[in-house]
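S.K.: In my numbering, the protein residues as written are 37 to 159. Note that beta-carbon positions come from the ideal geometry of N, C-alpha and C, so glycine has one too. I have a structure here, written as structure tokens, and I will follow up with some questions on it.
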């Protein structure tokens, strides 16, 4: 399940909580994300839908359903960034980078670090 993993903000926060916790019930996720104010039922619904999509798996522990992610954070980031570049920048990664630089979203220090990363790939 690594291809085309697109998550909404709420879905991403929930899966991210599971990455941190390893696994957890809807109640565990709600406690972990207490600052977001998501209802227990909302979290439960999202967990169930993500399981149906193959993003999560679940098992019964006592009287609770406990969920675990089947995808890595790297897979999600790779898929979502690829989708962003494809959709907004017609597949042109350079256009994304140019946009970030031109909009001031990348400061001089970050730009230096990016140049160092690019230079390292040349070696």
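Compute the beta-carbon to beta-carbon distance between residue 72 and residue 93, rounded to the nearest angstrom, for a pair I have assumed lies under 8 angstroms.
M.R.: Residue 72 to residue 93, Cβ: 23 angstroms. No contact.
S.K.: Whole angstroms is fine: what's the gap from residue 115's alpha carbon to residue 41's?
M.R.: In a straight line, the C-alpha of residue 115 is about 6 angstroms away from that of residue 41.
S.K.: Name the DSSP bridge partner or partners of residue 125?
M.R.: Paired residue(s): none; residue 125 is not in a bridge.
S.K.: Going by other Cβ atoms of all chains shown within 10 Å of its Cβ, with 16 needed for buried, is residue 120 buried or exposed?
M.R.: Counting Cβ neighbours within 10 Å, residue 120 comes out exposed, since fewer than 16 surround it.
S.K.: Less than 7 angstroms between C-beta atoms, sequence neighbours within five positions excluded: which residues of the same chain meet that for residue 84?
M.R.: The answer is none, since no qualifying residue turns up.
S.K.: For residue 146, I'd like the list of residues in its chain whose CB is within less than 8 angstroms of its CB, leaving aside the five on either flank, ordered along the chain.
M.R.: Hits under 8 angstroms: none found.
S.K.: Please report the distance separating the alpha-carbon of residue 51 from that of residue 76.
M.R.: Distance between the alpha carbons of residue 51 and residue 76: 15 angstroms.
S.K.: Could you tell me the alpha carbon to alpha carbon distance between residue 108 and residue 139, rounded to whole angstroms?
M.R.: Residue 108 and residue 139: Cα-Cα distance of roughly 30 angstroms.
S.K.: Restricting to Cα atoms, I'd like to know which of 68, 86, 45, 153 is closest to residue 104.
M.R.: Minimum Cα distance to residue 104 is reached at 86.
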